Every structure is written in C-alpha cells, then in structure tokens.
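The sequence shown begins at 1 in the working numbering and counts up one residue at a time.
C-beta atoms are modelled at their ideal positions from N, C-alpha and C, and glycine is treated no differently.
Remember, it's a predicted structure, so these values are computed and weren't measured experimentally.
Here's the structure, in structure tokens; my notes come after.
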Amino acid sequence: MITTRRQFLGTAASVGAVLASFRYIPAWAKTAAEGNLGLPTLTGTNFDLTVGHFPVTLNGRSGHAVGVNGSMPAPLLRFKEGEEITLNVTNNLKEDTSIHWHGLLVPFQMDGVPGVTFPGIKPGETFSYKFAVPQNGTYWYHSHSGLQEQQGHYGPLIIEPKGADPVAYDREYVLVLSDWTYMHPHLVFKKLKTMGHTLNYQQRTLPDFLEDAKKNGLGAVLNDRLMWGNMRMSPRDIADVTGETYTYLINGRGTRDNWNGVFKPGERVRLRIINASAMTIFNVRMPGLPMTIVQADGLHVRPLEVDEFQMGVAETYDVIIEPKEERAYAFVAESIDRSGQVVASFGHRPGMRAPEPELRAVPLLTMKDMGMDHGGMDHGAMNHGGMDHAAMGHETMNGNSGSHGAMDMGGSGHGGMDHSMHGAAQPEKKVIKKGPGVANVAMMPMSRLDEPGIGLEDVPHRTLTYSQLRSLERNPDPRPPERELEIHLTGNMERYMWSFDGVKFSEVTEPIIFHEGERLRMTLINNTMMPHPIHLHGMFFELVNGGGDHSPRKHTVIVKPGEKLSVDITAEHVGDWAFHCHLLYHMHAGMMQVVSVLPDKNRRHERHTDHGSMDHDMPQDHDAHQHMNHDMSGHSMMDHGSMNHGEGHQ
C-alpha cells in the first residue's frame, strides 16, 4: 500500500497529538505507574490563576469540580520570602469568587474575604493580588466565597526562606488532605439545617446497646442513654459529615488511586502536610515510621518526635521521616470519627502500594466534652488572679506523648507557670444562656492542652499534644497582655446553628476591636460538644501552653469540647480581619465575626523589638485606613439569597 504525503502528515499529526496528550497530563491526574509524585507547580513572582469548572475522576468515579487552572488541588505556588508577588485571578464562573492566602501576613486589602476586605471577583473579571510576603513556610490558599472550598477551590503554597533553612532534608513532598462529596455542597448544607443527624452514620445502634449492657450492666447503660436523650445529644456527634458522604483525598487522589512517593533508605524526607478539608479533622500516622514535627502552621518548632497527631482543618504540619527499610510505608489520614480514611504509599520504587490498615473503633464523647467533668476539673483554668495553672507545662505524658525535651519546664521563668496576666485587667465575664442557638453551656470548662484529641487518648503510641509544642525562635513580642477578651464558641447541633457568644454572623452589628500595637489575650471557651478549628486572619497568635517566650505561634487552633484555652496576640496589622471556625459549614451557618485593628498613632513608635523573622513594617496605609461599614447581614459569603444552586452542580 502506498502512503501519500498528506496521509503521512495526518497520521504523524495524530500520533503527535496523542504523545503530547500523554506528555502534558498534569501530575495530579496521572496514575502511580505514570509517576504521580507531585502537583502542578508554578514558580516566580507573577502568577496567572483562572477559577473555573472542570471534570475530575476520583477512585474511578467521575465528578465535577470548581477550582483553579483545571486541577484539584489547585497548582502548588512557590516563591521566596520578601519577594514582590503579583497574582492575577480571573473568574470564569457565573458567580463571584475569591482567594484567601491562608496564614500569610498580607495587607488586609489583599486578604481575599468578600464583604470584609474587598468586594470579591465578579464573573468575567480579573483581580490582581499584590504583596510582599514577610515570612516563609508551608501555607495554602482557598476560596472564601460560598461553599467553593468544598468543590475543589484550594491549593498549597510554599514560601522558601531568604536565608538558611533550619530544617535539613534530602527530598520533600507536599501532601494536601481534603474531603470530597459528589453531593452539591448547598444540598449538604440544606440537609444539615433541616435534618441535622442524617449525614452522621455513626450513631449508636441496638447491637451497641446490648454489647454495652453486657459489659457495664443494664441499669448503667439505661441511665447513660436517658441522660444523652434528655440533652438531645449523642456521644457520637463527633463529625457532622462522615465517610458515608465523603471521599477522603491526598493530592486529589483517593486510596484506590494510590498516590505514592519515593525515597531512598536513609534519606531525610520532608512532608509538608496541609489539611485543606471543608469539614474533616484528621488523625495522621505512618505505622512503623516515626514522624518528627519541625514546623506548625508555617513556623518552625523545636523538633518533636511522635507517632500520630490530630490535625484540624486549615492547620499545617511539616514532619521529617527517615525510612530505613526497602518497603512500602502507609501514610494514613483517618477522619476523627473513624468513618473513613485515605491512604497514600511511600516506598523505594514508584508505584508501590502499602497495605491499608483497618478503621479503628469509633470514639465516644464523655462528660468532659460537655464541660461537666468534676473529677478532671482544672481549677487553674478558672484564672484565679490571672495565674494560668492550666498551662503550667507539666506534660501529663500519660504514656502517650513525645520527647521530654519539649517540656521546657522553665520556659516562662517559673517552672512553666504563666504569670503573664498578673496585675492586668481581668475580662468582663460573659453570661451565656441557653436558647435556640445555644444548646449547651459548659459549667466547668477546663484546659485540655495535655490531651491529644478525641479518640487518641488511649492509643498505644506517642501522640502530639499542644502542650508539647515550642517555637524554635523566641517569640517576637515578649510583653505581657494588657487586656483579655473572652469569646464563647456556641451552637445547637439539632438546629445546626453555630455562633460566637450566641450571636451568628448575620446578626452581628459591631466588630471585635483591637488597637494597633496593643498586646492582648483572647480566651476561647467551647460550649459545644464538637472540636472547632478557630482561625484568625492577618496575624499569628501565641498559644498559652507554658512555653513562655517560646510558645508556639499559630494561625489556627483546635478548641476541644468543653475546653478553655488562651492565645496572646499582638495587634500589628491595621485592617479588618475575618475570625471564624474553619469547619466550612459552621462558618457558613454563622460561626464568624470580624476583628478590626484600629490605627493608633500614639502607640506606633512604642513597638517592641522584633526577635523573629517577620517584617512587621509590611506596607499598609495606616492613615488612609477607614473602618468599614460592617453590615454583616449583607456579607456575600453568608448571603443565602444570592446562592446559585445550579453553579457547579454535580
């Protein structure tokens, strides 16, 4: 058969197109055999990002996503500390969108919260974010519009240090944890509002009752069931949305897809782990392989070796692993209620698959989670004379914690005892009463910093507790707090109402006021039965855990049920900043407020000496800043009337 030149060129073009299609498959979409080892990566100082719709295939099932540049997670952005960055974000959706740079200290106009810091990005428009970043570390970015986060609008962000990195490693991997639902997120929210327990498939059953009665006696079990029934609560109300609804992902891949990383035995491998979930708190472990935590929320901490840690939504942890054997290790992210998990594999050859461990027993809430545990009552948490005995730094170990070297008993100069509020004005105690939006008031909230988190209390290996974390560098502001604010976390699971101080966001009329340059303490009291990862935009806070001037600095902190914990804040950056629970549907239901840092010209020259790496003189127009009109009811993220329920419907 004779082949003409036209036929040859046509065939060559077809083959070329096929080869090109294989060559340009993004890393996140490849199978393990094709080298699925990373994420699409953008570097430099100028970035073009487009928000739009695209199809995805997860665990062999097709779905529909909303995200950035056609990938889920969105592309990994890498740039260097101190560089002037421009990010041009184009909106190809039929609804408004936005990007928030989670944990980055940027001018408030660049923070990306519609209705608080800017109007949002309209359909067909491009908005340019411009800022110089005064920090380095592991962070992430995501939409702050509607429920787009749940649909795939999130991605990792790594800032390289301008100087030497204190963490030595041979190779690194970025691991983005997330939860995915094939149900439209607005339908998920509607179900939570109208039938609050229908998405929790972990409730106790008749076989559970019979087993408990056999173990503890019929009378005791009946009394227990009646108590929970009278309170209209369940000891298994740990997660609102469970593994029956969610598919859990690592870098956009399910367990069946087998995302895998490669190592050489003896290497130091850095894992940058980001919890970009909408609603899932994960317990993270690598069976048979210890993890050394070296960074929390983007900032360096003293190395701490653990076997497992609980990771709130929006938290990041960098860990070092040193695999010695030529075998496959499982990286396991198990949901806090143990209704599901996602497993990745690390081995000495590409494509290896580690065995998937079985899900562990479902944990149960206790009276302590209601703030009613008399026996475990922490009298120090009641702030007698401002002395925080709850944060004394006496790690209880409990056979569970990590390095004794992290205890730092003298971290604050008095055996770890926190006298920093001594003599300062005490907060006006808020009276929180039960009502339609407040189902429970913790009678005896206590410090739980020594606890690893729900379900990890009795595991037979070392687990992370917040009390163990110590900042590697000295805290930049050594001043004691001048005043204290008390914020209550409130809610009603049955009605699916969530709020601060019993007031949901749409009903708030005034922001929380900070003053530029002031040092203050915020005490969070969780009156609900659920853990809440609380995030404050625009600033880091020091967790009051007995670490003195090496207390860990974080942007997000899990507040356990019935817990009372404190964070110290330096109000450096003038502007309006979102303050909210990072469980997406909790924020959407109203667990959010705005913190306004007002300029104070008299205090501007009294700033402390900065002992850290942060450039606190980042460019902001302090004099031009005007307090925004906080008509919260019109906030675009909460405006249910403006939701386009067909947008991105799967």
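Assigned exposure category for residue i - 16 Cβ within 10 Å defines buried
i      : result
Ser401 : Reliability of the predicted coordinates at Ser401 is poor, the pLDDT of 40 falling under 50, and no value is obtained from them.
Ile651 : Absent from the model: residue 651. The displayed extent of the chain is 1 to 650, so no value can be given.
Pro156 : buried
Ile2   : Annotation note: pLDDT 41 at Ile2 (below 50); position unreliable, coordinate value reported separately. So Ile2 counts as exposed.
Ser62  : exposed
Gly416 : Summary for Gly416: the model assigns pLDDT 39, below 50, so the residue's position carries little reliability; its value from the coordinates is reported in the next sentence. That one is buried.
Met591 : buried
Val113 : buried
Asn526 : buried
Glu671 : Because the chain spans 1 through 650 in this model, residue 671 falls outside it and cannot be assessed.
Asp297 : buried
Arg256 : exposed
His582 : buried
Thr205 : Any reading at Thr205 must be qualified, since the residue scores a pLDDT of 49, below 50, and its modelled position is unreliable; the value itself is stated next. Exposed: under 16 other Cβ atoms inside 10 Å.
Glu395 : Per-residue confidence for Glu395 stands at a pLDDT of 34, beneath the threshold of 50, marking its modelled position as unreliable; no derived number is given.
Arg236 : buried
Asp96  : buried
Pro478 : exposed
Arg462 : buried
Met652 : Because the chain spans 1 through 650 in this model, residue 652 falls outside it and cannot be assessed.
Val431 : exposed
Check whether residue i and residue j have beta carbons under 8 Å apart
i      : j      : result
Thr181 : Gln150 : yes
Ser178 : Gly243 : no
Ile99  : Tyr141 : yes
Ala439 : Ser335 : no
Arg253 : Glu322 : no
Gly538 : Gly575 : yes
Gly312 : Thr490 : no
Ala278 : Leu584 : yes
Val174 : Ile250 : no
His348 : Val441 : no
Glu84  : Thr117 : no
Leu472 : Pro166 : yes
Glu160 : Arg78  : yes
Asn91  : Val56  : no
Val343 : Glu358 : no
Lys324 : Pro265 : yes
Ile320 : Tyr169 : yes
Arg474 : His580 : no
Arg495 : Leu299 : no
Gly82  : Ala164 : no
Lys429 : Gly562 : no
Gly453 : Ile558 : yes
Tyr466 : Gln341 : no
Assumed close pair residue i, residue j - CB separation to whole angstroms, cut-off 8 Å
i      : j      : result
His153 : Val66  : 5 Å
His535 : Ala314 : 5 Å
Lys80  : Lys162 : 6 Å
Ile273 : Tyr246 : Actually they are not in contact, since the Cβ atoms of Ile273 and Tyr246 sit about 18 Å apart, beyond 8 Å.
Glu451 : Lys560 : 7 Å
Phe127 : Val89  : 5 Å
Val594 : Pro511 : 4 Å
Leu469 : Val301 : 5 Å
Phe500 : His488 : 7 Å
Leu365 : Met110 : The pair is not a contact, with the Cβ atoms about 40 Å apart (cut-off 8 Å).
Leu449 : Asn545 : 5 Å
Phe47  : Leu104 : The Cβ separation is near 14 Å, so there is no contact.
Pro445 : Gly371 : 5 Å
Glu516 : Leu598 : 6 Å
Asn260 : Phe346 : 7 Å
is_contact[residue i, chain B] using C-beta, thresh 8 Å
i      : result
Thr194 : Judged by its chain identifiers, the structure shown contains no chain B, having just a single protein chain.
field: Whole beta strand (DSSP E) elements within the segment 291 to 344, 3-residue minimum
entry: Runs found: 291 to 296, 299 to 306, 308 to 311, 316 to 321 and 329 to 335.
- request: Only counting runs of 3 or more residues, tell me where the beta strand (DSSP E) segments fall wholly within the segment 114 to 169, in order along the chain.
  value: 126 to 132, 137 to 142 and 154 to 160
task: May I ask you to verify whether the segment 327 to 345 touches the segment 285 to 296, counting CB pairs closer than 8 Å and requiring at least 3?
output: yes
message: Is it the case that the segment 300 to 318 contacts the segment 344 to 353, given that we only count it when at least three CB pairs across the two stretches are under 8 Å?
response: no
query: Counting Cβ pairs, one atom from each stretch, are 3 or more of them under 8 Å apart for the segment 39 to 49 and the segment 62 to 78?
result: By the Cβ rule, the segment 39 to 49 counts as touching the segment 62 to 78, because three or more pairs are nearer than 8 Å.
query: Hey, is the segment 478 to 485 in contact with the segment 509 to 523, meaning 3+ C-beta pairs nearer than 8 Å?
result: yes
- prompt: Could you give the uninterrupted runs of the beta strand (DSSP E) lying entirely in the segment 248 to 283, keeping only those of 3 residues or more?
  reply: 260 to 262 and 269 to 275
field: Any beta strand (DSSP E) of 3 or more consecutive residues that is wholly inside the segment 511 to 548
entry: 512 to 515, 519 to 526, 532 to 536 and 541 to 543
task: Could I get the ranges of all uninterrupted beta strand (DSSP E) runs contained in the segment 426 to 496, with 3 residues as the minimum, in chain order?
output: 483 to 492
Whole beta strand (DSSP E) elements within the segment 40 to 104, 3-residue minimum: 41 to 43, 46 to 58, 61 to 68, 76 to 80, 84 to 91 and 100 to 102
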